[in-house]
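K.L.:
Let me begin by handing over the structure; questions about it come next.
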Amino acid sequence: MNRGLVLRLESLVQLRGACRQLRALSYRKVWGAQWKLVQASAQPPCSTLLRPQLGQNHGLMGAALAQCRQLATKEETKKKKKKIPLMRGEVEIRQKMTIEELARAMGKDIDHIYEALLYTDINLDSLEPDSVLYEDHIKMIVQKSGMKYKSAKLKEEKERKNTDACFWHSCCPCRPPADPAVLTPRPPVVTILGHVDHGKTTLLDSLRKTQVASMEAGGITQHIGAFLVHMPSGEKITFLDTPGHAAFSAMRARGTNVTDIVILVVAAEDGVMEQTVESIQHAKNAGVPLILAINKCDKPEADPERVKKELLAHDVVCEEFGGDVQAVNISALKGENLMVLAEATVALAEMLELKADATGLVEGTVIESRKDRGKGPLTTAIIQRGTLRKGCVLVAGKTWAKVRFMFDENGKAVDAAPPGIPVEIMGWKDVPSAGDEILEVESEQRAHEVIDWRIYAEQQEKLKKDVEVIEAKQKEHRMEYKQQQQKLAHLTWRQRKAVLYKANKHLLFQRPKDRREAAEDTLSVIVKGDVDGSVEAILNILDSYDCEDECKLDIVHFGMGDISENDLSLAEAFNGVIYGFSVKANDSIKKLAGKKGIKIKLHNIIYKLIDDLKEELNSRLPPAVVETTVGEASVLDTFSVTVGKNKIPVAGCRVHKGLLDRKMKFKLIRSGDVIWKGSLSSLKHHKADAQVIKAGMDCGLSLDRNLEFQVGDDIICYEETEVQQTTSWDPGF
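Each residue of the sequence shown is one higher than the one before, counting from 76 in the working numbering.
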């Protein structure tokens with residue numbers, strides 16, 4: 076104790092000495108400064124003169140230091156105030172706020188908001204940081220956090236003026252109707268429809284004298300094509316060739332919406348098929364007249380009369396049966412009767428008196444769109460009004476174009492495209508969707524106005540739908556909460572809160588930012604196609620997927636063009652598979668995908684792509700356990716055996732089918748119900764342990780569980796094998 080006291084005193088003495096030295100040093104500095112001042116003023120140094128000045132300067136220096144310390148303290152306080160929000164400050168709230176916005180306004184972490192929501196009727200499992208909370212829940216969270224709230228001033232949002240552009244119709248005066256005096260005849264737009272492999276493209280090949288069908292993957296059309304055919308008589312006809320496969324229903328519907336006449340191709344030996352009926356329905360919905368082309372009449376098994384009779388059931392009545400539908404027997408492959416079909420088409424077009432206004436602003440429809448590596452976004456379009464020229468500013472969907480070049484179906488550049496003429500347009504900022512309306516506007520500024528309005532209108536519509544879904548979910552959760560509260564009505568409010576908190580506390584550790592779905596039961600896919608219509612067809616098929624309980628199907632991204640590094644990044648992030656339709660992946664992309672373990676599956680035939688997708692879904696399904704019966708036995712008598720202090724029930728059985736193998740699994744069945752599943756603890760034959768009991772032999776057995784037997788029970792010996800499951804999804808073909 077004395078030694079410690081001495082050491083402490085020595086430390087105090089040393090500290091006091093250091094303070095004296097520091098004070099002396101500061102006085103020396105001030106004294107030197109004063110001495111220089113005295114010498115400069117030629118006054119004698121006098122202690123009485125220097126002491127007041129010394130004290131004064133010393134005070135000034137102290138005041139300056141104090142002021143510096145005060146400024147530094149204020150700056151530090153400001154920084155601290157910025158970093159640490161006041162616990163009981165006021166929080167500005169709005170009627171609707173996301174979880175992230177509320178956490179930022181309160182100066183809290185998102186986890187704090189989740190914890191406060193444990194006391195509410197909101198299901199935490201469905202919440203994300205961008206989920207919307209309503210005013211009552213916001214106020215409760217702020218109060219639970221020991222803070223006050225005040226309503227933020229609402230900004231009055233002015234109603235936005237509609238700046239959209241549209242086709243002319245009676246209720247939209249922005250585009251006046253065409254003057255009848257300026258209407259001129261235009262080529263008819265004819266769509267060829269029918270079942271897959273009934274000869275639609277071969278018919279068009281014969282009319283165009285080309286070989287399109289021979290170049291198509293799988294021998295089937297998988298894109299919509301627009302072609303201008305010059306007839307020997309001088310007339311022009313615009314033909315649209317549509318796919319007949321079941322997957323391309325939307326393409327066929329789009330073809331009939333822009334057409335004047337439909338040529339229905341039916342194979343003479345097959346008759347009316349599924350897509351034939353669908354094509355008839357599309358034509359009826361569009362109000363378009365039909366011409367029947369019965370193809371493959373050169374085959375020995377051809378029966379054109381049977382085809383005509385089958386079509387009567389679908390309200391397609393040929394002229395020979397008193398109807399108004401022209402029927403022509405042709406052979407597209409051999410070129411028989413093709414001119415008769417062309418003449419019938421021209422005659423019907425003359426009856427329809429097809430005319431259009433070739434002046435004024437252009438109107439048209441996107442038939443197909445795609446991305447070209449050299450030319451950029453391209454669209455195949457049918458012009459319906461006006462004359463399209465280079466430099467025209469067009470709007471379609473949520474993108475626009477200043478026309479740079481135009482090409483015909485052979486890739487030859489053209490300067491103008493009048494009504495009824497198919498043309499490929501180059502100059503789009505982005506790829507519009509097939510089926511979008513094309514409208515010419517006065518300037519690029521006007522195009523931006525139209526696009527901005529359409530994006531705004533789409534966002535408002537999406538927001539409206541999201542709010543409806545959220546409100547429906549909130550209503551559902553409130554009902555569940557009320558039912559839960561009714562069950563806890565006998566408890567005090569403190570006990571109810573405690574029970575509710577304990578029941579929901581585990582959800583806090585599964586909050587959305589930490590949740591990760593298991594990859595085994597989810598198939599994430601990236602879909603890339605050569606044209607918009609192909610991607611649309613694939614997405615329409617995937618929309619029919621209805622087996623979410625087996626394996627979830629998540630479409631992470633879709634688009635047009637070859638496989639890119641961005642697609643690989645998405646596939647890596649979501650553990651997904653890339654499916655490409657009529658696109659390519661270069662060697663560097665394939666090497667990078669192989670290095671990262673990403674699957675790239677490329678196909679040129681749509682049904683093979685879907686089959687591949689189904690195989691991938693099958694691989695994600697857990698194996699099914701199948702039970703195979705090995706032997707069956709019946710309980711004839713029951714007794715018990717004493718082992719130590721325990722009595723073990725034993726069943727006396729006779730095997731009447733197969734065999735009982737002790738190594739395998741068993742189950743006990745009573746009155747048709749499975750009472751027990753497990754293993755045997757013992758299996759004996761005449762007091763000797765046995766591994767196998769064959770049919771016709773008696774045995775005694777006991778289970779791995781203390782369970783009483785009854786006479787008449789059945790003992791089943793079985794083995795379990797794992798079998799790969801297959802998805803029950805049926806895409807329809």
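All C-beta atoms in this analysis are idealised placements derived from N, C-alpha and C, irrespective of residue type, glycine included.
For clarity, every value in this text was computed on a predicted model and none was experimentally measured.
Does the Cβ of A564 have 16 or more other Cβ atoms within 10 Å, making it buried, or fewer, making it exposed?
P.N.:
The residue you call residue 564 lines up with position 489 of the sequence shown. Exposed, by the Cβ-count rule.
K.L.:
L193 bridges to which residues according to DSSP?
P.N.:
Looking up residue 193 in the sequence shown gives position 118. None, per the DSSP bridge assignment.
K.L.:
Give me the Cα-Cα distance between P364 and G398, rounded to the nearest whole angstrom.
P.N.:
Position 289 of the sequence shown, counted from the first residue, corresponds to residue 364. Position 323 of the sequence shown, counted from the first residue, corresponds to residue 398. Their Cα atoms are separated by approximately 12 angstroms.
K.L.:
The beta strand (DSSP E) spanning E499 covers which residue range?
P.N.:
Taking the first residue of the sequence shown as position 1, residue 499 is located at position 424. Taken as a continuous stretch (DSSP letters only), the beta strand (DSSP E) holding E499 covers P497 to W503.
K.L.:
So if DSSP puts E438 in a beta bridge, which residue, or which two residues, is it bridged to?
P.N.:
Translated into the one-based positions of the sequence shown, residue 438 becomes position 363. Paired residues: R460 and L514.
K.L.:
Nearest by alpha-carbon distance to L386: which of N360, N412, G410 and E353 is it?
P.N.:
Stepping through the sequence shown from its first residue, residue 386 is reached at position 311. Ranking N360, N412, G410 and E353 by Cα distance to L386 puts E353 first.
K.L.:
Within the chosen definition, does the stretch 257-274 reach the stretch 422-439 through at least 3 CB pairs nearer than 8 angstroms?
P.N.:
The answer is yes - the stretch 422-439 touches the stretch 257-274, with three or more Cβ pairs under 8 angstroms.
K.L.:
When you compare each of N679, L688, T713 and M772 to L778 by their alpha carbons, which one comes out closest?
P.N.:
Along the sequence shown, read from residue 1 onward, the residue named residue 778 stands at position 703. Comparing Cα-Cα distances from L778 to each of N679, L688, T713 and M772, the minimum goes to T713.
K.L.:
With L387 as the anchor, note down where its alpha helix (DSSP H) starts and where it stops.
P.N.:
The sequence position of residue 387 within the sequence shown is 312, counting from 1. It spans P379 to L387 - the alpha helix (DSSP H) in which L387 sits, taken as one unbroken run.
K.L.:
Between V767 and the rest of its own chain, which residues show a CB-CB distance below 8 angstroms, the 5 nearest in sequence each way excluded?
P.N.:
Here residue 767 is taken as the residue at index 692 of the sequence shown, counted from 1. Answer for V767: L734, L735, D736 and R737, listed in chain order.
K.L.:
Do A471 and M481 come within 8 angstroms of each other at the CB atom, strictly closer than that value?
P.N.:
In the sequence shown, residue 481 corresponds to position 406, counting from 1. In the sequence shown, residue 471 corresponds to position 396, counting from 1. Not in contact: M481 and A471 (Cβ atoms no closer than 8 angstroms).
K.L.:
A765 and H731 - do their beta-carbons sit closer together than 8 angstroms?
P.N.:
Taking the first residue of the sequence shown as 1, we reach residue 731 at position 656. Taking the first residue of the sequence shown as 1, we reach residue 765 at position 690. It is not a contact, given that the beta carbons lie outside the stated cut-off.
K.L.:
Assign N370 to buried or exposed, taking buried as 16 or more other Cβ atoms, counted over all protein chains shown, within 10 Å of its Cβ.
P.N.:
Working through the sequence shown from its first residue, we reach residue 370 at position 295. Burial call: buried.
K.L.:
Of all the CB atoms in chain D, is at least one closer than 8 angstroms to the CB of I673?
P.N.:
No chain D is part of this structure, which consists of one protein chain only.
K.L.:
Considering only DSSP beta bridges, list what Y654 is partnered with.
P.N.:
On the sequence shown, position 579 is the one that residue 654 refers to. Answer is V602 and K676.
K.L.:
Look at the alpha carbon of G346 and the alpha carbon of A648, and state the distance between them as a whole number of angstroms.
P.N.:
Residue numbering aside, residue 346 sits at position 271 when the sequence shown is read from its first letter. Residue numbering aside, residue 648 sits at position 573 when the sequence shown is read from its first letter. Their backbone Cα atoms lie some 50 angstroms apart in a straight line.
K.L.:
Pull up the distance between the alpha-carbon of E394 and that of L315, whole angstroms please.
P.N.:
Along the sequence shown, one-based indexing puts residue 394 at 319. Along the sequence shown, one-based indexing puts residue 315 at 240. Looking at the two C-alpha atoms, the distance is approximately 25 angstroms.
K.L.:
Can you check which of these residues, G221, D373, T195 and K665, is closest to M181 by C-alpha distance?
P.N.:
As a first step, residue 181 is located in the sequence shown; it is residue number 106 there, counting from the start. Out of G221, D373, T195 and K665, G221 has the C-alpha closest to the C-alpha of M181.
K.L.:
Does W528 come out as helix, strand or coil in the three-state DSSP assignment?
P.N.:
Counted from its first residue, the sequence shown places residue 528 at position 453. Residue state, collapsed to three classes: helix.
K.L.:
To the nearest whole angstrom, what separates the beta carbons of E797 and M739, a pair I think is in contact under 8 angstroms?
P.N.:
Your numbering for residue 797 matches position 722 in the sequence shown. Your numbering for residue 739 matches position 664 in the sequence shown. About 15 angstroms; that fails the 8 angstroms criterion.
K.L.:
Give every residue of the same chain whose Cβ lies closer than 8 angstroms to the Cβ of I168, excluding the five residues on either side of it in the sequence, and list them in chain order.
P.N.:
The residue you call residue 168 lines up with position 93 of the sequence shown. Correct list, in chain order: L177, A180, E210, I213, K214, V217, Y224, K225, S226 and A227.
K.L.:
Can you look up Q401 in the DSSP assignment and give me helix, strand or coil?
P.N.:
The count along the sequence shown starts at 1 and reaches residue 401 at position 326. Three-state result, Q401: strand.
K.L.:
Could you tell me the distance, in whole angstroms, from the CA atom of K539 to the CA atom of K171?
P.N.:
On the sequence shown, position 464 is the one that residue 539 refers to. On the sequence shown, position 96 is the one that residue 171 refers to. Cα-Cα distance, rounded: 14 angstroms.
K.L.:
CA-CA distance, T173 and D205?
P.N.:
The residue given as residue 173 occupies position 98 in the sequence shown. The residue given as residue 205 occupies position 130 in the sequence shown. Using only the alpha carbons, I get a separation of about 5 angstroms.
K.L.:
Answer with buried or exposed for R553, where buried requires no fewer than 16 other C-beta atoms within 10 angstroms of its C-beta.
P.N.:
The residue you call residue 553 lines up with position 478 of the sequence shown. Classification for R553: exposed.
K.L.:
Suppose you measure from the CA of V652 to the CA of V400; what does that come to, to the nearest Å?
P.N.:
By 1-based counting over the sequence shown, the position of residue 652 is 577. By 1-based counting over the sequence shown, the position of residue 400 is 325. Cα to Cα, V652 sits roughly 48 angstroms from V400.
K.L.:
Just to confirm the assignment, what range does the beta strand (DSSP E) spanning S754 have?
P.N.:
On the sequence shown, residue 754 is found 679 positions in, with the first residue counted as 1. Looking at the DSSP string, S754 is not in any beta strand (DSSP E), and its letter there is neither H nor E.
K.L.:
Over the uninterrupted alpha helix (DSSP H) stretch that includes N485, give me the two end residues.
P.N.:
The residue given as residue 485 occupies position 410 in the sequence shown. No alpha helix (DSSP H) contains N485, which DSSP labels as neither H nor E.
K.L.:
Would F633 pass as a contact of V658 if the rule is Cβ separation under 8 angstroms?
P.N.:
Residue numbering aside, residue 633 sits at position 558 when the sequence shown is read from its first letter. Residue numbering aside, residue 658 sits at position 583 when the sequence shown is read from its first letter. Contact: no.
K.L.:
Count the other CB atoms, across all protein chains shown, that sit within 10 Å of the CB of R780; report buried if there are 16 or more and exposed otherwise.
P.N.:
The residue given as residue 780 occupies position 705 in the sequence shown. So R780 ends up on the exposed side.
K.L.:
Which of the three DSSP states is assigned to A593 in this structure?
P.N.:
Along the sequence shown, one-based indexing puts residue 593 at 518. The pLDDT assigned to A593 is 42, lower than 50, so where the model puts this residue is not dependable; a value taken from the coordinates is nonetheless given after this. Of the three classes helix, strand and coil, the one that applies to A593 here is coil, per DSSP.
K.L.:
Report back the beta-carbon spacing between I457 and V437 to the nearest angstrom; my notes put them in contact at under 8 angstroms.
P.N.:
The residue you call residue 457 lines up with position 382 of the sequence shown. The residue you call residue 437 lines up with position 362 of the sequence shown. About 11 angstroms separates the two Cβ atoms, so there is no contact after all.
K.L.:
Can we say the stretch 680-690 touches the stretch 609-626, given the rule of at least three CB pairs closer than 8 angstroms?
P.N.:
A contact exists between the stretch 680-690 and the stretch 609-626.
K.L.:
H357 and L268: beta carbons closer than 8 angstroms?
P.N.:
Start at 1 with the first residue of the sequence shown, and residue 357 comes out as number 282. Start at 1 with the first residue of the sequence shown, and residue 268 comes out as number 193. Yes, Cβ-Cβ distance for H357 and L268 is below 8 angstroms.
K.L.:
Kindly give me the distance between the Cβ atoms of V333 and K275, rounded to whole angstroms, as I take these residues to be in contact under 8 angstroms.
P.N.:
Here residue 333 corresponds to residue number 258 of the sequence shown, with the count starting at 1. Here residue 275 corresponds to residue number 200 of the sequence shown, with the count starting at 1. Incorrect: roughly 17 angstroms between the Cβ atoms, too far for contact.
K.L.:
How should M635 be labelled, buried or exposed, when 16 other C-beta atoms within 10 angstroms of its C-beta is the threshold for buried?
P.N.:
On the sequence shown, position 560 is the one that residue 635 refers to. With 16 or more Cβ atoms within 10 Å of its Cβ, M635 is classed as buried.
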